[in-house]
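To start, the structure under review is shown below, and the notes come after it.
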Amino acid sequence: MAFRDLLERPLERDVETDLCIIGAGAAGLTIAHMFEGSRLRVCIVESGGRAFDEAVQDMYRGENVGVRYGLETTRLRYLGGSTNHWTGVCGLLDPVDFEPRPWASAPGWPISLGSLLPYYERAHDVLDLGAFEYDPARVAPERKFPAFDPRKLVVRLLRLSAPTRLGQKFADELASSENVLCLLNGSVVDVEVSGTGRSVSGVRVATLNGDDSRVRARAFVLACGGLENARLMLHSSASPTGLGNASGLVGRFFADHLHHPGTSYVVTRGDWWRVFQRVDRGGTRSTPTICLGDEVQRSERLLNARLGLAQTDPKPEARAGAVCLSIFGNVEQQPSEENRVELSDQRDALGVRRIRLRWSPGELDQRTMERSSIILAEELGRLGLGFVRLETMLDSAAFRNRVRRASHHMGTTRMSLEPAAGVVDTNCRVHDVDNFYVAGSSVFPACGQINPTLTIVALAIRLGDHLGDRLE
Amino acid sequence: MTRRGVIVLIAGVAGVSAVGAALWPQFSGAKRLTHPWPILARELLPMDAAEWPALSGRCDAALAERGRPLDASSRVAGFEWDEIGILSGRDLQAVHAALAETIAREFGEGRVLVVDRWVLSETQAAMCALAGRAVAGSG
Chain A
1 MAFRDLLERP LERDVETDLC IIGAGAAGLT IAHMFEGSRL RVCIVESGGR
51 AFDEAVQDMY RGENVGVRYG LETTRLRYLG GSTNHWTGVC GLLDPVDFEP
101 RPWASAPGWP ISLGSLLPYY ERAHDVLDLG AFEYDPARVA PERKFPAFDP
151 RKLVVRLLRL SAPTRLGQKF ADELASSENV LCLLNGSVVD VEVSGTGRSV
201 SGVRVATLNG DDSRVRARAF VLACGGLENA RLMLHSSASP TGLGNASGLV
251 GRFFADHLHH PGTSYVVTRG DWWRVFQRVD RGGTRSTPTI CLGDEVQRSE
301 RLLNARLGLA QTDPKPEARA GAVCLSIFGN VEQQPSEENR VELSDQRDAL
351 GVRRIRLRWS PGELDQRTME RSSIILAEEL GRLGLGFVRL ETMLDSAAFR
401 NRVRRASHHM GTTRMSLEPA AGVVDTNCRV HDVDNFYVAG SSVFPACGQI
451 NPTLTIVALA IRLGDHLGDR LE
Chain B
1001 MTRRGVIVLI AGVAGVSAVG AALWPQFSGA KRLTHPWPIL ARELLPMDAA
1051 EWPALSGRCD AALAERGRPL DASSRVAGFE WDEIGILSGR DLQAVHAALA
1101 ETIAREFGEG RVLVVDRWVL SETQAAMCAL AGRAVAGSG
């Protein structure tokens, strides 16, 4: 039996293992699955059980500074993590996301899109996405997409997972595993380093009924999500500033995707827009979508954005008989040092300091949202397809307060070549620490327009390969 | 003119009228040339006609700010207009086509204005200004 619920059966002694994975969400379970049946011993430490529990979820509560952000509602703390409530939207980062963009203070990724592609392909299996295909013209050759100016707008493809709940998907495999042990209801409350501070010796695991134990391993992967990864590193007793925080950047650059509030809309005729409706083919599902072109992002110094269209109720101010389409989709958020995870003075039930999140959308975020809608208006108007009415919020205060976020937690342990510029290296290893790795969207130095889960899983597979080479 | 010529002319006029009425049923009444801007505006503007009077002044202001104010010598897409926006005697189908082409070109060139959150091309803003006046002028 490879599940062990620590509330029912506490550990009699510390666990000694080869690889310790902290967190059983998309990244952690993907890596554990890769090592199933291998010669390596793997121990997953999951704070929750096999189902939602209010008391465990409460450990996610925290404070907000700036715009209210639902720390306890935008993620889930039990087996499978936030894949228990994700919507299944997947896609690739765009080439421009990997470039340094000085106007957005975006450093670019220190790895290339090309080097990620094989991992994206393997991630399709984990998320049950079917064939690795992102060309709308191949997936839906019969659809005639508008002839947008490719410098301004491009049609890309989103792929839709069922959505796969990874906790359910891998439950049987974990239950019968001989080399992967999954500790449930055990929360990591400290990451402890060796004498030199250059390596992690173990993690302290506590339970809500007062038990306390340790897991020691040759290597550790922190895979608790974009908020919690930073929290645990900052909370670590390794140093007064936490673990791996010589750069002072742990927790900084928190970013989410911003949603168009849905009040911008297109006034049109006919049904040309139906080419952007979902494609169900061969057991796989896709949605063509409109994205800002790389070139217009560079020339107009914008962030990335995508613009979906969905039929909505007729608007009284629109001309009679018109079809109205609401504009929705993700707008990338500028990486900003000021948007950050800090530690609150409040503590959770296990004594871990809660998160204080400083977060607010910024001017470039707002300009990108507005400008992307206008670019769409320009292209639809040029093609004679329709006209656009913009959001109801045009001043910055209204924007900050009304804009919706996608609950994608990214950027707080960003990847960089140089230790001074980030938290993890290109293998996702914490710069200052030999055996401590971070998995998940917290390593994203830029988040583009695409939902993060496929990239999280792709990076987890890449990290799994690296760990396999290193540990075996 | 010969009898054959007269027949051809009558047939031609009838044909053009039929096509015009089919394309723009609004033109088929006795007042069909009274206020062409509103008629064209219904085809080429995104907002309901009830919005025009309120938007008219804002479109004027936005065009002035853009350095393209509407005045007595103005043309819209090359067509002259009088003070209440009458284009009497024009081939409205040709006007419609020319305006649509101009609007599309302006969108492509980024010559757009945001008026009351509507993203309009410069010509659409001018049409809205004129249509609003025409509706107000016609009571």
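Residue numbers (my numbering), protein chains in the order written: chain A, 1 to 472; chain B, 1001 to 1139.
Positions of the beta carbon are idealized from the N, C-alpha and C atoms, including for glycine.
Only a predicted model underlies this, so the values are computations on that prediction, with no experimental measurement involved.
Here the alpha carbon of S264/A sits roughly 16 Å from the alpha carbon of L385/A. When C-alpha distances from F220/A are compared across D18/A, T207/A, G197/A, the shortest belongs to D18/A. Closest by C-alpha distance to T241/A, out of Q277/A, G210/A, G197/A, is G197/A. The beta carbon of L350/A sits closer than 6 Å to the beta carbons of S187, V189, A206 from its chain, once the five residues preceding and following it are set aside; these are given in chain order.
Ranked by Cα distance from I44/A, the options E16/A, S239/A, G28/A are led by G28/A. In the three-state scheme derived from DSSP, where H, G and I count as helix and E and B as strand, H257/A is classed as coil. Counting C-beta pairs closer than 8 Å gives three or more between the region 452–465 of chain A and the region 424–441 of chain A, which meets the contact rule.
Residues of the same chain with a CB within less than 6 Å of the CB of R462/A, apart from the 5 flanking positions on each side, are Y119 in chain order.
With the criterion set as a beta carbon lying under 8 Å from some beta carbon of chain B, the members of the region 309–337 of chain A are P316, E317, A318, R319, A320, A322, in sequence order. Among the residues facing chain B, E295/A is not included, as its CB has no counterpart in that chain under 8 Å away. One Cα belongs to S344/A, the other to G1132/B, and the distance between them is close to 57 Å. Chain-order list of chain B residues neighbouring G411/A: empty, with the shortest C-beta distance near 32 Å, by a criterion of under 9 Å. Annotation for E133/A: V139 place their beta carbon closer than 7 Å to its own, counting only its chain and skipping 5 residues before and after.
Counting only residues of its own chain and dropping the five nearest sequence neighbours on each side, H466/A has a CB closer than 7 Å to the CB of N427.
Chain-ordered, the chain A residues with CB closer than 7 Å to the CB of S1121/B read G381. Where D280/A is concerned, the enclosing beta strand (DSSP E) starts and stops at 279–281. Within the region 183–206 of chain A, no residue places its CB atom closer than 9 Å to a CB of chain B.
In the DSSP assignment, L1070/B falls outside any beta strand (DSSP E), carrying neither H nor E. A distance below 8 Å between beta-carbons, with the five flanking residues on each side excluded, links D135/A to the following residues of its chain, in chain order: L157. Bounds of the beta strand (DSSP E) holding E192/A are 187–193. Shown here for V126/A: same chain residues with a beta carbon closer than 6 Å to its own, the five before and five after excluded, namely T30, V457 in chain order.
Distance from S247/A to G422/A at the Cβ level is roughly 7 Å; contact confirmed, criterion being Cβ atoms closer than 8 Å. Considering only E173/A, W103/A, L184/A, the residue with the shortest C-alpha distance to R301/A is W103/A. L6/A is a Cβ neighbour of D211/A, given a cutoff of 8 Å.
Annotation: Y69/A is outside any alpha helix (DSSP H) and is labelled neither H nor E by DSSP. Straight through space, the alpha carbons of I374/A and W1118/B are spaced by roughly 10 Å. With its beta carbon less than 8 Å from one in chain A, E1051/B belongs to the interface.
Contact fails between the region 364–374 of chain A and the region 277–284 of chain A, because fewer than three Cβ pairs, one in each stretch, are under 8 Å apart. Residues of the region 1037–1049 of chain B with a Cβ closer than 8 Å to any Cβ of chain A, in chain order: R1042, L1045, P1046, M1047, D1048, A1049.
For I290/A, the nearest beta carbon of chain B is not closer than 8 Å to its own beta carbon. Distance check between L292/A and each of F148/A, Y78/A, L129/A places F148/A closest, using alpha-carbon atoms only. For the C-beta of G1110/B, the chain A residues within less than 8 Å are, from N- to C-terminus, E378. With a threshold of 16 other beta carbon atoms within 10 Å, P100/A falls short and is exposed.
Closest in alpha carbon position to S286/A, among A446/A, A131/A, F3/A, is A131/A. One Cα belongs to R429/A, the other to L113/A, and the distance between them is close to 19 Å. In this structure the region 46–63 of chain A does not lie against the region 245–260 of chain A, because fewer than three pairs of beta carbons, one per stretch, are closer than 8 Å.
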